[in-house]
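Student: Have a look at this one before I ask anything.
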Amino acid sequence: MKIINQNLKKGEIKLKIENLDDIWYLSHIIDKNDIIKGKTTRKVKIGEQEQRNQKIVKKQVFIKLQTEKTEFTNNSLRVSGKIIEAPEDIPLASYHTFNLEENTTINIIKEKWLKFQLDKLKEASQETKSKILIVVLDREESIFALMKKSGYKLLTKIKGNVTKKAAEEKIKSNFYSEIINKVKEYDKRYNFSKIIIASPIFWKEELMKELKDKDLKQKIIQATCSSANVDGITEVLKRPETQEALKQDRITKEINLVEELLKEISKNNLAAYGINQTEKAIEAGAVKTLILTDSFIQKQREKENYEKIDLMLKNTEEIKGSVNIISAEHEGGKKLNGLGGIGALLRYKLI
Numbered sequence: 088m089k090i091i092n093q094n095l096k097k098g099e100i101k102l103k104i105e106n107l108d109d110i111w112y113l114s115h116i117i118d119k120n121d122i123i124k125g126k127t128t129r130k131v132k133i134g135e136q137e138q139r140n141q142k143i144v145k146k147q148v149f150i151k152l153q154t155e156k157t158e159f160t161n162n163s164l165r166v167s168g169k170i171i172e173a174p175e176d177i178p179l180a181s182y183h184t185f186n187l188e189e190n191t192t193i194n195i196i197k198e199k200w201l202k203f204q205l206d207k208l209k210e211a212s213q214e215t216k217s218k219i220l221i222v223v224l225d226r227e228e229s230i231f232a233l234m235k236k237s238g239y240k241l242l243t244k245i246k247g248n249v250t251k252k253a254a255e256e257k258i259k260s261n262f263y264s265e266i267i268n269k270v271k272e273y274d275k276r277y278n279f280s281k282i283i284i285a286s287p288i289f290w291k292e293e294l295m296k297e298l299k300d301k302d303l304k305q306k307i308i309q310a311t312c313s314s315a316n317v318d319g320i321t322e323v324l325k326r327p328e329t330q331e332a333l334k335q336d337r338i339t340k341e342i343n344l345v346e347e348l349l350k351e352i353s354k355n356n357l358a359a360y361g362i363n364q365t366e367k368a369i370e371a372g373a374v375k376t377l378i379l380t381d382s383f384i385q386k387q388r389e390k391e392n393y394e395k396i397d398l399m400l401k402n403t404e405e406i407k408g409s410v411n412i413i414s415a416e417h418e419g420g421k422k423l424n425g426l427g428g429i430g431a432l433l434r435y436k437l438i
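Per this note's numbering, residue 88 is the first one in the sequence shown, and the count goes up by one each step.
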């Protein structure tokens, strides 16, 4: 994301969406009653209403609207609301929808920007320098995943048939060669800063014996996992040998936050979860870290209950607590959704 201009005294930030991750960030930032302005496509009528040859055409116009609803998809964010400023041929108070996609430029105006919203913008606007590939393997298959800000993307799977028999050495070598070639292919495409190779027992070590590329070897971190599947990828993120490589990665931070929450819940100590418990903890000024999933927020918007959640976010910041909106796509987000989608780490135990 590119921040083009920022005037917080007026509550206005102009930005350009540069990739799909930016859309995910904006889905957490744009709220009901925010003002959105920018260029958009709109159907307009040409000719007088009484004329039979009146035409409806699409044209690009500059519109300002007050947000009433947002709808997030994988490729775009639809922001709908009433028009409050537009060219003369477009009636005020009529409805319009901005379809925010890659390369869209917009202005967002808020009555007040919350700290966590500005932090999200800063995070999105910082160029992602570290691209990380995770490969988990066993004797039967390997899975390749690309780390993203909003989750991870499965790239491919390779089937193998590696056995312990010496007679199968050729099959094993071919399987490893196929994995190495695929790693090289993706590294050429993405230029990874780190490549994590993980497996149960000794498969990763066997693979490393087949790898001769010294430059590629320097990027590789070996880790252990119990299975070569999606659960194995989540497991790798928690391994101590990968924490250093992934310490700047948002997904790992989010998973660690949820794990910390679960640990406190199991001890019946400094934690709250679910809307009611968490709201009481905020009202008591006890919340140190508020954690909620993006899917939880979306559901509250659909239920028209978001004003309550928005107030909880604002009150958390007023008591100097941090707000963390996490993705529901990874294991940490799924676990938090199992607890109601919202929870908090506390400064002190509530009676």
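The C-beta atom is built at its ideal place from N, Cα and C for all residues, glycine as well. Please read these numbers as outputs of a predicted model, since none were measured by experiment.
Can you tell me the Cα-Cα spacing of tryptophan 452 and aspartate 225, whole angstroms?
Tutor: The structure shown does not extend to residue 452, since the chain is modelled only from 88 through 438, so no value can be given for it.
Student: State the Cα-Cα distance for the pair lysine 422 and isoleucine 117, rounded to the nearest angstrom.
Tutor: Answer to the nearest angstrom: the Cα atoms are 26 Å apart.
Student: Unbroken alpha helix (DSSP H) runs of length 4 or more, entirely within the region 326-386: which are they?
Tutor: Here the runs fully enclosed are 327-333, 337-353 and 362-370.
Student: Round the Cβ separation of isoleucine 412 and leucine 437 to the nearest angstrom and send it over; I've been treating them as touching at under 8 Å.
Tutor: About 23 Å separates the two Cβ atoms, so there is no contact after all.
Student: Under 8 Å, with one C-beta from each stretch per pair, do the region 257-272 and the region 342-352 reach the 3-pair mark?
Tutor: No, because fewer than three Cβ pairs between the region 257-272 and the region 342-352 fall closer than 8 Å, the two stretches do not touch.
Student: For phenylalanine 383, which residues of its own chain have a beta-carbon under 7 Å away from its beta-carbon, when the five flanking residues on both sides are left out?
Tutor: Closer than 7 Å at the Cβ level, and outside the excluded window around phenylalanine 383, lie Asn424, Gly428 and Ile429.
Student: Based on Cα-Cα distance, which residue from Glu228, Leu164, Thr127 and Glu391 lies nearest to glutamine 147?
Tutor: Comparing Cα-Cα distances from glutamine 147 to each of Glu228, Leu164, Thr127 and Glu391, the minimum goes to Thr127.
Student: Give me the Cβ distance between leucine 152 and lysine 169, rounded to the nearest whole Å; I'm assuming they're in contact under 8 Å.
Tutor: With 8 Å as the limit, leucine 152 and lysine 169 qualify as a contact, their Cβ atoms being about 6 Å apart.
Student: Suppose the cutoff is 8 Å on Cβ atoms and the five residues either side in sequence are ignored; what does the same chain contact list for leucine 208 look like?
Tutor: Met88, Ile90, Ile100, Leu102, Tyr112 and Ile116, listed in sequence order.
Student: Does alanine 253 come out as helix, strand or coil in the three-state DSSP assignment?
Tutor: Any reading at alanine 253 needs caution, since the residue's pLDDT is 48, under 50, leaving its predicted position unreliable; the model's value is listed next. If DSSP states are grouped into helix, strand and coil, alanine 253 belongs with the helices.
Student: If you follow the beta strand (DSSP E) that methionine 234 is part of, which residue opens it and which one closes it?
Tutor: It spans 228-235 - the beta strand (DSSP E) in which methionine 234 sits, taken as one unbroken run.
Student: Can you give the Cα-Cα distance for threonine 192 and glycine 125, rounded to whole angstroms?
Tutor: Cα to Cα, threonine 192 sits roughly 7 Å from glycine 125.
Student: To which residues does DSSP link serine 167 through a beta bridge?
Tutor: Looking at the DSSP assignment, serine 167 forms a beta bridge with Lys156 and Thr184.
Student: Taking the continuous beta strand (DSSP E) assigned at threonine 191, which residues delimit it?
Tutor: Looking at the DSSP string, threonine 191 is not in any beta strand (DSSP E), and its letter there is neither H nor E.
Student: Alanine 310: which of Glu328, Lys301 and Gly419 sits nearest, CA to CA?
Tutor: Nearest option by C-alpha distance: Glu328.
Student: In the DSSP assignment, find the alpha helix (DSSP H) that holds alanine 211 and state where it starts and stops.
Tutor: Where alanine 211 is concerned, the enclosing alpha helix (DSSP H) stretches over 202-212.
Student: Check whether the Cβ atoms of lysine 304 and isoleucine 196 sit closer than 9 Å, and answer yes or no.
Tutor: Not a contact, by the Cβ cut-off of 9 Å.
Student: At the level of alpha carbons, what is the spacing between glutamate 366 and lysine 401?
Tutor: Using only the alpha carbons, I get a separation of about 12 Å.
Student: In terms of residues, what are the limits of the alpha helix (DSSP H) holding isoleucine 177?
Tutor: Careful: isoleucine 177 lies outside any alpha helix (DSSP H) and carries neither H nor E.
Student: Going by alpha carbons, who is nearest to lysine 119 out of Asn356, Gln387, Ala371 and Leu324?
Tutor: Answer by Cα proximity: Gln387.
Student: Return the CA-CA distance between serine 409 and aspartate 206, expressed in angstroms with no decimal places.
Tutor: Their backbone Cα atoms lie some 10 Å apart in a straight line.
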